[in-house]
Structure formats: C-alpha cells, structure tokens
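To keep things clear, I will list the structure first and then write my remarks on it.
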Amino acid sequence: MKVNKIIIAIMLLLTPALLSGCFNYNDINKLTFVTSIIFDEEDSDKIIVYVDCIKPYRSSDEGEEKARRIMYKGEGKTAIEALKNVNLISSTRLNYSQNRAYIFTEKAAKSGIEKYLSLINNNQQLSIKPDMFIYSGDISKLLEVSSKDEEYLGQFLEELINRNKTNPKAVSANMNDYLSKVIEEDDSFIVGSLKIKEDEIGEKIELSGGAILKDHKLVSNMNPEDVISYNVLLNNITDGILEIANPQNDNGLITVEILGTNVESNIEIEDEKIKLIKNVDLKVTIAEAQSELIVNDEILDYIKEETENLMKDYLVSTFDKFKKEELDIFEVKRLLNINYPKFDIESPLLNTNLEVNVKVIIDGSSLIKDIL
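Mapping to the UniProt record's numbering: the sequence shown position 257 is 257, numbers consecutive.
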C-alpha cells in the first residue's frame, strides 16, 4: 500500500540510530512524524494550525512496522504559539523531517501569510523545501476528505505534484521558491490551488488552477485556462490539449495535442509605450476527432489556422485580465530591467501591450489518417 512508503522512509531514517543503539523499539513508539501543516485563522485573528501526522510503532515481538494517522489542532495568538500548543495534546514528540506540504486556507492567505514566514524560515525543525498551497473551501471538508484517504495528506500532495509536473493546467511552488522571490521589488508569486472535487464517484482533493500572492496576501485566483496561458507565455509547457470545431460536422470537435513549445520573448519601447513580444512555436498532432474527419491539405490548413487563433486569443485574454489587476505575473518589469535598465516609467505593466505570434507545426501531417 502507498501508506507503507512513508513508513519505510521513516524506518530508513531511523536505521542508523537503531544500529548505533541510540533508539530502541520504545523510542520509535515515542515519535510522531508530521506530513503536512495547515494554517487557518478565525475572525478573532486567532491562528489555528492542523498537523497531519503518522505515528509509527513497532512490536518487539512481531518485528513488524505499523502506523496510524493522527490529526492535531493547535490554537494561539501567533503561529509558533499554536504549533507549540499541539505539544500539549500529543503524548509523543513531533518530528518535522517528513513534512511535505504547507497549506494556507483562503482566509489565512487573504489576511496575509507574512506572519507565518518567520516560523517556517527560522525554526530549525521546519524545512523550506515542502510545496505550498492555497486551499479554497471549508476547512472541515478538507479534513474530512483527507481523513478518508489511505494516504497521508502531505504524501498525497507530493505525489500529486510529481505526477503533474508537465500538466499545463497545474502550477506548483515550494516555500524556498517563495522566500527567494519575495525579496524582489515586485513580489507577485503563483502557488498551487487546492479544492474539493465532488461528483457521483465521491469527493477528492484536486489541483485546481493557481493562486496569486502579492505582498504576502492572496489577491487573485487563476482558473486552469489561465494557468495554461501562463505556462505557455513563460515557456513552461511540454504537453496539453486544445479543442477546435470540426468543420466537417457541426456538432463535433477536433482535439489537438500539444507535443512541445518554444517561446522567444522580446520587449520594445515606442513612444513611452511598452510592447511585449512573444513568438510561440507550437508543435501539435491531431489526437482525436468527434465523428468523421477526412484529412487533406485544406483541413490541415484549417486546423493550423484555428489552433493559432485559439492560442493567441487565450494568451492575449489572460494577459489583459491580469494586466487590469496590475499583477505582473508575466515578468514585464524583469524584462525591462534586463533590456532597458535606464528606462523609468510609472506602472510599466499598465503601459504594456502584448503582441503574440503563434506558429503551429502539425507533426507527421503526411501520416495522419482519416477518422471515420
């Protein structure tokens, strides 16, 4: 089972100590390992932390590793007080070496996460390597859904991120990335967004777009389509799909699969106006067609043109959306500083227009067969 992975990791961590005689079975039974930390706030400004833990234990008679899951809740006026108050209800010492995620509720993120950074950055027990997320929704629902799963929350999120590294609808960042980025003058930063997906199959935690932090506060959200555009413009995309209308059937769609992209970025200044130029080369293939599709030069030209227009519309629309919100997630200011270090203008993003040139190459076009 997947649960055993983290148990094995913990046992490997403790193996040197066991061999040296520093730990025995009773010592192992007195340790509890944290896999994720959730930060939340109440209207009274009280800080709440939820600590998802695994408590391994080993019987000296059976010699078998087992574990059970424990969720602790601590409250306090500060994050460190809330975390320390967890110790008042835990009979074993908490070990943070296996922590995989920092999760901030939407309420905590809107209030500002700066109050938590000192704890995370300066506490020797806490690492800055774990991924960070913003959770949108009822915290009780997150705890309920995660408690039903056989995986520990931190382990689940780590594997979810690893499985979706090339997914254009996903974005991820760890605490180290965030702490490095926010020292810059423009400190807008995108982290993964979590929500509960409910359908007839059940309830699951899913990656759902991104969340934008500025000045340590949640200021905007990105839907999956926004994230695709963001990843394309920053050349972070290696696969994905686009859907266009099938001209040979009024009710059908053609699915175009992205095989790779190459993006060149330039920035120019004309009459105190800034032009951000993105030249996007898109390599695609026809993945699927609903109903009949007779492939010929005419249909290939149609697919190429429609895909180019669709991608251009996506990119310009997303850029304009966050331009209006004055969120420089597309690094206009950084490119200006590199190319025009002496150029000074108030609100450079608001004075920037995006020019997108998309070139689509249909891979293996001569080998694509009709779909009947």
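Cβ atoms here follow ideal geometry from the backbone N, Cα and C, with glycine treated the same way.
- Among the bridge pairs identified by DSSP, G74 is matched with V49.
- In the three-state scheme derived from DSSP, where H, G and I count as helix and E and B as strand, G112 is classed as coil.
- The residues D226 and S229, in chain order, have a CB closer than 6 Å to that of T318 in the same chain once the five nearest residues on each side in sequence are set aside.
- For K217, the enclosing beta strand (DSSP E) begins and ends at K217 to M222.
- Checking the DSSP bridge columns, you'll see G192 partnered with F133 and G210.
- K148 has its alpha-carbon roughly 18 Å from the corresponding atom of L207.
- Here K73 is actually not in contact with K46; their C-beta atoms are around 12 Å apart, not less than 8 Å.
- In the three-state scheme derived from DSSP, where H, G and I count as helix and E and B as strand, V263 is classed as strand.
- Contact holds between the region 118-137 and the region 192-205, because three or more Cβ pairs, one in each stretch, are under 8 Å apart.
- In summary, G260 is exposed, with fewer than 16 beta-carbon neighbours lying within 10 Å of its beta-carbon over all protein chains present.
- A check of alpha carbon separations from A211 across M71, S188 and I201 identifies S188 as the nearest.
- Here the alpha carbons of K84 and V49 stand approximately 10 Å from one another.
- At a Cβ-Cβ threshold of 8 Å, E106 and L218 count as neighbours.
- Boundaries of the alpha helix (DSSP H) harbouring S317: D297 to K324, taken from the DSSP string.
- Out of R334, K283, K323 and N351, the CA that lies nearest to the CA of V360 is found in K283.
- Taking every protein chain shown into account, the CB of L160 has 16 or more other CB atoms within 10 angstroms, so this residue is buried.
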